[in-house]
Structures are given as structure tokens and as C-alpha cells.
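One structure is given here, and the rest of the page talks about it.
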Amino acid sequence: MGSDLSAMKAVMLRDIKTSLRQPQDLLNPLLFFILVVMLFPLGVSPEVEFLQPAGGGILWVAALLSVLLSLDHLFRHDFDDGTLEQLMLQPQPLFLLVLAKSIAHWLLTGLPLVVLTPLLAVMVHLEGNSIGVLCLTLLIGTPVLSLIGAIGAALTLGLRSAGVLLSLMIIPLYIPVLIFGTGTVMAAAEGAAVAGQLALMGAFLALALTLAPFAAAAALRISLSNG
Amino acid sequence: MWQIFHKLGSPKWFYGIASRLMPWLLWVGVALFIAGVIWGLAFAPPERLQGNSYRIIYIHVPAAFLAQSVYVMMAVAAVVTLVWRMKLADVFVKSVAPIGALLTFLALFTGAVWGKPTWGTWWVWDARLTSMLILMLLYAGAIALGRAIQDEKSSARAVAVLVLVGVVNIPIIQYSVEWWNTLHQPSTFKLTEKPKMASEMWVPLLMAILGLYMLFGWLACLRMQTEVLVREGRTRWVKELIQQGGTR
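Chains as they are written, first to last, in numbering that gives the first Met the number 0: chain D, 0 to 226; chain P, 0 to 247.
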């Protein structure tokens with residue numbers, strides 16, 4: 000058990016360290032996030048009457064898309080240089096190492112998105128209370144996106160047209176998180192209680208934490224046996 | 000029991016049993032389906048509120064019914080693929096996924112045609128409509144992944160994992176879509192709220208459903224046979240079969 004934990008910690012720290020050496024890869028999803036949010040006032044309407052009710056949904060969709068965009072990096076580099084095969088040979092169960100990698104992915108993409116959210120939320124005229132709830136839903140929701148996304152990233156590893164295929168497979172699975180994320184923000188804007196919905200999102204997170212790494216580990220084994 | 004199970008894994012055995020089964024599935028299915036549809040379209044009484052427009056259920060409901068159960072069948076086959084590495088289970092998944100996607104599309108399309116006279120609009124973001132649309136995308140994802148991976152074994156297991164992940168998610172998606180819908184609009188339309196149907200209405204419907212199931216079975220067998228022939232092209236029994244002129 001102790002060795003499992005220290006292996007997880009080592010994998011996590013390694014992922015964070017190697018990613019920090021490529022800061023552009025970390026910055027791109029954030030820039031993409033800002034760009035997508037910007038398209039809505041430009042493309043639909045800059046009026047407060049549109050942006051205020053739609054703001055929570057816009058930010059959630061933008062966050063979902065930028066997580067999706069960053070998923071390709073989750074295993075790609077390790078797959079190319081053979082690190083992934085080394086990880087599979089470790090005595091520790093693979094799903095724990097996949098879990099560690101997913102957590103690292105969230106710390107590097109999901110968390111910065113949450114930090115950036117208040118700024119963009121002000122720009123789409125969300126109000127104080129809604130901004131807080133929005134950040135909270137993203138804080139609970141983005142790890143679910145990373146965890147489910149790891150399954151898709153593992154399945155499409157080593158394929159040529161991985162990007163579009165990944166979106167096609169993963170977006171339907173993201174729908175529940177999106178619905179509850181935006182629904183909670185809307186309920187908060189109307190002044191309704193949100194504790195129950197936040198608890199449900201927490202349930203999604205618990206489910207994803209316990210089940211997704213198993214599926215992703217199985218998918219990794221399949222993709223690597225292919226090579 | 001286990002012997003049958005092992006035999007089922009043999010493509011040759013399957014090919015033989017499927018050829019014997021298929022005429023039955025086809026003709027009984029055609030008879031049931033046509034009889035059900037004709038009875039439903041021409042002879043069943045008109046509905047009290049919707050008049051004749053309700054008659055599209057004799058196509059719509061069987062398609063929707065089957066579209067959902069095909070995914071469950073695929074999930075069962077996916078377990079078999081992953082646990083017992085049975086080749087035929089993968090042949091099944093690959094062969095029926097396009098049929099499932101097509102049936103989902105058919106259900107959505109007939110639903111839209113039905114929605115126009117009843118609700119006054121082709122499409123509403125109703126919970127059931129939306130979850131059917133998501134189901135179609137899940138089928139599309141499984142098909143796309145299967146096509147993208149060249150290696151037969153990896154492709155089989157990867158698709159199996161995706162289908163299983165999908166089947167775990169379907170109840171969650173269904174539940175959250177329902178929740179989302181009730182949050183945004185009160186249940187103006189509900190497909191489920193039918194008046195108690197008269198037996199002249201539901202008997203033909205049941206016949207149409209059973210008929211479509213059998214036709215699905217026939218089409219699945221046909222596609223699986225083709226797939227088996229392609230995959231086993233190098234074995235002796237396939238060569239002998241071809242030399243005999245294709246008949247068994």
C-alpha cells in the first residue's frame with residue numbers, strides 16, 4: 000500500500016515536472032478557453048440580456064472543449080518515448096498509475112481553468128453568487144472530465160486521426176456533467192438551493208474516480224499490445 | 000451448456016446454423032411485421048385525440064424499442080469479447096452497430112414526422128428525443144473507433160471497452176437529461192402518456208415489434224456471415240464453401 004502511494008506520487012510529480020518544462024502546452028488550453036468564450040458575444044449577442052443567463056453554460060461548454068483539446072497530451076508523449084511501457088511493467092497496479100496521471104492532468108488543465116473562470120465570468124456579466132457557484136461546479140466537474148477523458152485518450156492512442164474520434168467518443172459521456180454543471184449555476188442565479196445538485200456532481204466525481212481508471216487502464220493495455 | 004457455448008465460438012459452426020436459421024427469421028419476420036403494420040395502418044381504430052396520425056407508432060415504436068435493445072445486446076457481446084476473447088462476439092458487435100445506428104435514426108425521423116402534426120414542430124428538446132440522439136452518437140462513436148483501429152484483436156477489445164463504458168453511462172445520461180428537461184420546461188409533451196390502448200391497437204404493435212426483432216436477427220446473421228467469410232477467408236472450410244458455389 001505504501002509503495003503504491005509513493006509510486007502514484009512519483010508519477011504525478013513527474014508528469015507535472017515534465018509539463019512545466021513545456022509551458023506552451025499548458026497555456027494553449029487556457030487561450031482556447033478564452034477564445035471560445037469570446038466567440039459567443041461576437042457571434043450571438045454582446046447584450047447583458049443574453050450573456051447573463053447564458054454565461055454559465057458558455058463557460059462550461061468552453062471549459063469542456065478545452066479539456067477535450069488537452070486530452071491528447073495525457074498519454075501521447077509517454078507513448079512515443081516508451082515511458083508508458085515502463086509504467087505497465089511496474090509492480091503497482093496500472094489503474095493507480097492511470098489515476099495519478101489523470102489527477103496530474105487535472106492539476107495542469109482543469110485547475111487553471113477554474114482559476115481563470117472568475118475573470119471570464121465577470122466579462123459575461125455573471126453576478127457574484129453565480130460566479131462562486133460556477134467555480135465550485137467547475138472545481139467538482141473538471142476532474143470528472145479528465146478522468147472520463149483518460150478512457151478516450153487511452154483508446155485512441157497511436158491512431159492517426161485521434162482528435163475528432165476522441166471528441167466523437169467522449170462528448171456523449173460528458174453530457175451529464177455539463178447538464179448538472181450549468182443547471183446548478185442557473186439554479187443559483189434564480190436563488191434556489193444548490194446543495195443537492197452539488198452533492199450529485201460529487202457523486203459523479205466519486206463514480207468517475209473509482210471506475211474510470213479501471214477502464215482507462217484496460218484501454219491502455221489494448222492500445223499498447225497493438226503497437 | 001458449456002459445449003454449446005464453445006461451439007458458438009466456432010465461426011464455421013455459426014455459419015452453418017445461421018444459414019439454417021435465416022429463412023425462418025426472414026419469412027416469419029416479414030409475415031409478422033407486414034401483418035402488424037397493415038393491421039395497424041389500415042384496420043386499427045383511429046386514436047381519440049390524434050386521429051390517424053398516431054398510426055406512425057407501428058413503425059416508430061418498434062424501431063425505438065429495437066434501437067435501445069441492440070445496444071444492450073452489444074454490451075453483452077462486449078463482455079463476452081473481453082472475458083472469453085470470443086471472435087464471434089466481436090463479429091456480432093461490428094455487424095449490428097450500423098443496424099442499431101440506423102434504427103435510432105429511423106426512430107428519430109419517424110418521431111419528427113409524428114411530432115409535426117401532434118406538437119406542431121419537427122423537434123423539441125424533450126428528454127426522450129435528446130437521449131435517443133445521444134444514443135445515435137454513442138453508436139457512431141463505437142463504429143468510428145472500430146474502423147479506425149486496423150488490428151483485428153485490438154479493435155475488438157477497444158470497441159468492447161467503449162461499448163461497456165457507454166452502457167454504464169446510458170442510465171446516468173437518461174436520468175440527467177430528464178432532470179435537465181424538467182428544469183427548463185414543464186412536461187408539455189410526454190411520449191409516455193398514452194391513454195390505455197385498446198387491444199386492436201396494441202396487438203398489431205406487438206406483432207410489428209416481434210416481426211422487426213426477427214428481421215433484425217436475419218439481417219444480423221447475414222452481416223455476420225459476410226464478416227465471418229471475410230475474416231476466415233484463408234481457412235479450408237471457406238475455400239470449400241466457395242468452390243461448392245456458395246450454397247452450404
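The beta carbon of each residue, even a glycine, is placed where N, CA and C say it ideally should be. None of the values given here were measured: they were computed from a predicted structure.
Proximity test, Cβ basis, 8 Å: residue i and chain P
i, result
"I178(D)", "yes"
"S224(D)", "yes"
"A152(D)", "no"
"I221(D)", "yes"
"A218(D)", "yes"
"L158(D)", "yes"
"A149(D)", "no"
"A205(D)", "no"
"A214(D)", "yes"
Any chain D beta carbon closer than 8 Å to residue i
i, result
"W179(P)", "yes"
"N168(P)", "yes"
"L144(P)", "yes"
"V92(P)", "no"
"L102(P)", "no"
"S198(P)", "no"
"V176(P)", "yes"
"L137(P)", "yes"
"I171(P)", "yes"
"I133(P)", "yes"
Residue i burial status per 10 Å Cβ neighbour count (16 or more: buried)
i, result
"W259(P)", "In the structure as shown, chain P starts at 0 and stops at 247, and residue 259(P) therefore has no counterpart that could be examined."
"K8(D)", "exposed"
"D125(P)", "buried"
"A62(D)", "buried"
"I16(P)", "exposed"
"I172(P)", "buried"
"P170(P)", "exposed"
"F42(P)", "exposed"
"I174(D)", "buried"
"D150(P)", "exposed"
"P103(D)", "One detail in the question is off: residue 103(D) reads as Ala in this sequence, not Pro. Result: buried."
"S69(D)", "buried"
"T80(P)", "buried"
"P203(P)", "buried"
"A216(D)", "buried"
"R54(P)", "buried"
Given residue i as reference, the closest of the options once Cα atoms are compared
i, options, result
"D3(D)", "P175(D), Q91(D) and G148(D)", "Q91(D)"
"S80(D)", "L206(D), T17(D) and F203(D)", "Residue 80(D) is actually Asp in this sequence, not Ser. Comparing Cα-Cα distances from D80(D) to each of L206(D), T17(D) and F203(D), the minimum goes to T17(D)."
"F32(D)", "G109(D), F94(D) and L50(D)", "G109(D)"
"S154(P)", "L50(D), L12(D) and L223(D)", "L223(D)"
"L161(P)", "I174(D), L167(D) and V163(D)", "L167(D)"
"A207(D)", "G180(D), I147(D), G157(D) and L165(D)", "I147(D)"
"A139(P)", "L135(D), G140(D), H124(D) and P171(D)", "P171(D)"
"V176(D)", "S160(D), T136(D), A217(D) and I150(D)", "T136(D)"
"T120(P)", "A66(P), R127(P) and A111(P)", "A111(P)"
"Q140(D)", "G201(D), L88(D), T116(D) and M11(D)", "Per the sequence presented here, residue 140(D) reads as Gly, with Gln not at that position. Comparing Cα positions, the closest option is G201(D)."
"A153(D)", "L19(D), L29(D) and D77(D)", "D77(D)"
"M185(D)", "L125(D), L86(D), A149(D) and L88(D)", "L125(D)"
"C220(P)", "L40(P), K93(P), P45(P) and A34(P)", "K93(P)"
"L119(D)", "V47(D), N27(D) and L58(D)", "L58(D)"
"M21(P)", "E231(P), V158(P), Y212(P) and I241(P)", "Y212(P)"
"V121(D)", "L210(D), V36(D) and G1(D)", "V36(D)"
"N168(P)", "A188(D), A211(D), L106(D) and V132(D)", "A211(D)"
"L101(P)", "V78(P), K115(P) and F64(P)", "F64(P)"
"S160(D)", "V158(P), K152(P) and L144(P)", "L144(P)"
"V143(D)", "S101(D), L165(D) and V43(D)", "S101(D)"
"L133(D)", "L29(D), F49(D), G54(D) and L41(D)", "G54(D)"
"S112(D)", "P28(D), G182(D) and L197(D)", "With the sequence shown as reference, residue 112(D) is identified as Leu, and Ser is not the correct amino acid for it. Here the closest residue by C-alpha is P28(D)."
"G28(P)", "G216(P), E231(P) and G232(P)", "G216(P)"
Continuous alpha helix (DSSP H) assignments of at least 4 residues falling wholly in the stretch 20-103 of chain P = 56-83
task = Output, in sequence order along the chain, the residues in the stretch 161-175 of chain D whose CB is closer than 7 Å to any CB in chain P.
result = L164, L167, M168, P171, L172, I174 and P175
Residue ranges of each alpha helix (DSSP H) within the stretch 107-155 of chain P, 4 or longer = 126-147
key: Against chain D: residues of the stretch 139-164 of chain P by CB proximity under 7 Å   = A139, G140, A143, L144, A147, I148, D150, S153, R156, A157, V160, L161 and V164
request  = With a floor of 3 residues, list each beta strand (DSSP E) that falls wholly inside the stretch 153-178 of chain D, ordered by position along the chain.
outcome  = none
Whole alpha helix (DSSP H) elements within the stretch 61-126 of chain D, 4-residue minimum = 72-79, 82-88, 93-104 and 110-122
ask   = Along the stretch 182-207 of chain D, what residues have a CB closer than 7 Å to any CB found in chain P?
value = G182
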